[in-house]
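Undergrad: Handing you a structure now.
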Amino acid sequence: MIVFGIETSCDETAAAVVADDRRLLANVVLSQLDDHRPYGGVVPEIAARSHLEAVDAVAAEALRRAGVGFADLDGIAVTGGPGLIGGVLVGVMTAKAFALVHGLPFVAVNHLEGHALTARLTDDVAFPYLLLLVSGGHCQLLIAEGVGRFTRLGTTIDDALGEAFDKSAKILGLGFPGGPAVEQAALQGDPQHFALPRPMKGRDDCHFSFSGLKTAVRQAVERLPGGRATPQDAADLCASFQAAAGDVLADRVARAAALFRAAHPEGSTLVVAGGVAANRYLRTRLDAAAAENGLKLVAPPIALCTDNGAMIAWAGLEHLRLGRRDSLDFRPRPRWPLDPDAPPVGYAGAKA
Amino acid sequence: MKLLAFDTATASCSAAVWCDGVVLAERCHAMERGHSEALVPMIAAVMDEAGLAFAELDGIAVTVGPGAFTGVRIGLATARALSLAANLPCLGVTTLEAVAADVQAENDVVVVLDAKRNDVYAQTFSPALQPLEEPAAILPEALAARLAGNAAVTLAGDGCELVTPVLEAAGVVFAVAPPRRPRAPVVARIAASRRQLRSPPPRPLYLRAPDVTLPKTA
Chain A
5 MIVFGIETSC
15 DETAAAVVAD
25 DRRLLANVVL
35 SQLDDHRPYG
45 GVVPEIAARS
55 HLEAVDAVAA
65 EALRRAGVGF
75 ADLDGIAVTG
85 GPGLIGGVLV
95 GVMTAKAFAL
105 VHGLPFVAVN
115 HLEGHALTAR
125 LTDDVAFPYL
135 LLLVSGGHCQ
145 LLIAEGVGRF
155 TRLGTTIDDA
165 LGEAFDKSAK
175 ILGLGFPGGP
185 AVEQAALQGD
195 PQHFALPRPM
205 KGRDDCHFSF
215 SGLKTAVRQA
225 VERLPGGRAT
235 PQDAADLCAS
245 FQAAAGDVLA
255 DRVARAAALF
265 RAAHPEGSTL
275 VVAGGVAANR
285 YLRTRLDAAA
295 AENGLKLVAP
305 PIALCTDNGA
315 MIAWAGLEHL
325 RLGRRDSLDF
335 RPRPRWPLDP
345 DAPPVGYAGA
355 KA
Chain H
196 MKLLAFDTAT
206 ASCSAAVWCD
216 GVVLAERCHA
226 MERGHSEALV
236 PMIAAVMDEA
246 GLAFAELDGI
256 AVTVGPGAFT
266 GVRIGLATAR
276 ALSLAANLPC
286 LGVTTLEAVA
296 ADVQAENDVV
306 VVLDAKRNDV
316 YAQTFSPALQ
326 PLEEPAAILP
336 EALAARLAGN
346 AAVTLAGDGC
356 ELVTPVLEAA
366 GVVFAVAPPR
376 RPRAPVVARI
386 AASRRQLRSP
396 PPRPLYLRAP
406 DVTLPKTA
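As they're listed, the protein sequences go chains A and H. So the first sequence is numbered by this note's numbering: it starts at 5 and just counts up by one. So the second sequence is numbered by this note's numbering: it starts at 196 and just counts up by one.
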């Protein structure tokens, strides 16, 4: 089985071709970073316009690199949500049109499940596994029980971790996107120079909160001479921020690991997925946290942690081989929780 | 020449299969939203009713705007993807010229489309359907000033009622005629009249920059 996947839910226009023997035949990602950088964040209308300009050419390039034609495909998968709806629509219409012309099964994939199942493409991880999903829009701990079956253990009650990275970078004048900038600056910094809070650490649940950590970064800057961070201050703050985030993740993972092992004594894997999983420092911290809790960490290659089409093609393939497909009147879903039964947590608009 | 044509840029969703002036199949539903769900099944239905496979078509025609940004993108993303998947040329027609080409009039035709803002999308065409100006997003008062003192014109499009009080106040002489929105067979007819082999994929006509301001630099 060979499946084509399209991803357009944020600021990457991406398409990929994967096979059911876990071969990645092509993976084309076109970043829109330069379009959004002047605004210090992703602008939804600009993103939607850029996706429309590029998605057909990106799709054609993925087929060319894979050395396949539409006739060789067994299905078309596309991100159906959650995400920026203007971009999602562009991808969904493109995928529907491909499916219609060639009479192929069409499957709408939950973007979060794309991240969640990537470790099965890269490392053949078996269900069940504990999953930490950390990105610019989400921060969740879940048990992955099967394709389309997730139990949420915890989520952020306010900001996602990637959002805290971006906002801290903005406070420090490090530019957009903040994740790589903070990680780079932290390499020259002292992680103990600034005493930053460890929100939620020690609490008897698996939730997160990062809004206060970002505020603490801003307040630390305001207390500096002249209210400005020197390059060394910024490096120290980045290192201190990452250390705090690492402590929180390790603590929350330990809680979740206990719940996971109680529910699934045979479970042995912690998977980390999402854009923040590209951070090398946090990967090291999570590796140690997994080991302390009797789990093995699986982190996909960095290029497959950030948004891409391969994860969508793979998640689509997993659904298709279980016989699931969607109708061509599918309506994109701007909100689409992985665990629809999980109760809302935290403030209205929290990234559950 | 056999064309599949459709429009989702306005408050309706329409699709047609057209062959040398004959409409083989046509669907049209008024809708403010829901185009993304309706369009592809509608295309499947008209292709089925026309009894044609995509390989038997000579091209795809689509409206490129101006209209609702999301609707414009739904139509264009679908058209460009069909074009790639079926290896067919794809041709773009503006919503304004599609409405103008559907008007019966002996004088100049002013097409006015609802832009869901204070201004409207407007363009004036000669009776022979030559555009007399560039398409524009324009306030009703500015449109009235442009038309005041001219010979009588025919207005068409779903933005007419938004401008008629202002035009009357400015002394513009006009009559209102159908249609209110683009119809897919007309989109096909225009595309057929100007078809060039292997033109680049059509691009959206937004007439408006994204609603965003640059942050103040520190």
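The beta-carbon is built from N, C-alpha and C at its ideal position, and this holds for glycine as well. Computed from a predicted model, the values in this text were never measured in an experiment.
Going by the beta-carbon positions, is the gap between L299(A) and D291(A) smaller than 7 Å?
TA: Their beta carbons are not under 7 Å apart, which means L299(A) does not touch D291(A) by this criterion.
Undergrad: Please list, in chain order, the chain A residues whose beta carbon lies closer than 8 Å to that of E232(H).
TA: Here the neighbours are D333, F334 and R335.
Undergrad: State the start and end residues of the unbroken beta strand (DSSP E) segment that holds F214(A).
TA: Counting along the chain, F214(A) falls outside any beta strand (DSSP E), and DSSP gives it neither H nor E.
Undergrad: Inspect the beta-carbon positions of A383(H) and A256(H) and report whether they are closer than 7 Å.
TA: Taking 7 Å as the Cβ cut-off, A383(H) and A256(H) qualify as a contacting pair.
Undergrad: Mind checking D297(H): buried by the 16 CB within 10 Å criterion, or exposed?
TA: With 16 or more Cβ atoms within 10 Å of its Cβ, D297(H) is classed as buried.
Undergrad: Whose C-alpha, out of V358(H), D303(H) and P374(H), is nearest the C-alpha of N313(H)?
TA: The option with the nearest alpha carbon to N313(H) is V358(H).
Undergrad: Going by the beta-carbon positions, is the gap between P377(H) and V294(H) smaller than 7 Å?
TA: Yes, the pair counts as a contact, with Cβ atoms nearer than the cut-off.
Undergrad: Is it buried or exposed for D60(A), if we count other Cβ within 10 angstroms and need 16 for buried?
TA: With 16 or more other Cβ atoms within 10 Å, it is buried.
Undergrad: Can you list the residues of chain A that P236(H) reaches, using a CB-CB cut of under 7 Å?
TA: In chain order: L332 and D333.
Undergrad: On a CA-only basis, which of R124(A), V7(A), L37(A) and V186(A) is nearest V111(A)? Give me that one, please.
TA: With distances taken between Cα atoms, V111(A) lies closest to V7(A).
Undergrad: If we ignore side chains and look at the alpha-carbon of each, how far apart do A356(A) and G354(H) end up?
TA: Its pLDDT being 44, under 50, A356(A) is placed unreliably by the model, and nothing is read from it.
Undergrad: Please return the same chain residues whose Cβ sits closer than 6 Å to the Cβ of A319(A), not counting the five positions on each side in sequence.
TA: Cβ neighbours of A319(A) beyond the five flanking positions: V113, E117, G118 and L121.
Undergrad: For A260(A), collect the residues of the same chain with a Cβ closer than 7 Å to its Cβ; drop the 5 residues on either side in sequence, then sort them by chain order.
TA: L134, L145, L157, G158 and C210.
Undergrad: Are the C-beta of P330(H) and some C-beta of chain A separated by less than 7 Å?
TA: No, its Cβ sits nowhere closer than 7 Å to a Cβ of chain A.
Undergrad: Check for me: the beta strand (DSSP E) holding S209(H) runs from which residue to which?
TA: That run of the beta strand (DSSP E) goes S207 to C214.
Undergrad: Spatial neighbours of A346(A) within its chain, please: CB distance less than 6 Å, with the 5 preceding and 5 following residues excluded, ordered by chain position.
TA: Only R156 meet the Cβ criterion.
Undergrad: Can a CB atom of chain A be found closer than 7 Å to the CB of V361(H)?
TA: Closer than 7 Å: no.
Undergrad: Buried or exposed: where does K218(A) fall if 16 or more other Cβ atoms within 10 Å of its Cβ makes it buried?
TA: Flag for K218(A) reads buried.
Undergrad: Any idea if I306(A) is buried or exposed, counting beta-carbon neighbours within 10 angstroms, 16 or more meaning buried?
TA: So I306(A) ends up on the exposed side.
Undergrad: Using a Cβ-Cβ cutoff of 7 Å, what residues of the segment 75 to 98 of chain A are near chain H? List them in chain order.
TA: Residues G90, L93, V94, V96, M97 and T98.
Undergrad: Is the number of C-beta pairs between the segment 218 to 231 of chain H and the segment 197 to 207 of chain H that are closer than 8 Å three or more?
TA: These segments touch.
Undergrad: Using only CA atoms, which one of G271(A), G150(A), V32(A) and A168(A) lies nearest to R69(A)?
TA: Residue V32(A) is the option with its Cα nearest to R69(A).
Undergrad: Taking V407(H) as the query, report the chain A residues whose CB atoms sit under 8 Å from its CB, ordered along the chain.
TA: In chain order: Y43, V47, E49 and I50.
Undergrad: If I measure Cβ to Cβ from S172(A) and keep anything under 7 Å in the same chain, skipping five residues before and after, which residues do I get?
TA: Same-chain partners within the cutoff: G182, V186, K218, V221 and F245.
Undergrad: Quick one: which chain H residues come within Cβ less than 7 Å of F102(A)?
TA: Those within 7 Å of F102(A) in chain H are A276 and A280.
Undergrad: Could you tell me the distance, in whole angstroms, from the CA atom of A365(H) to the CA atom of P348(A)?
TA: One C-alpha to the other measures close to 56 Å.
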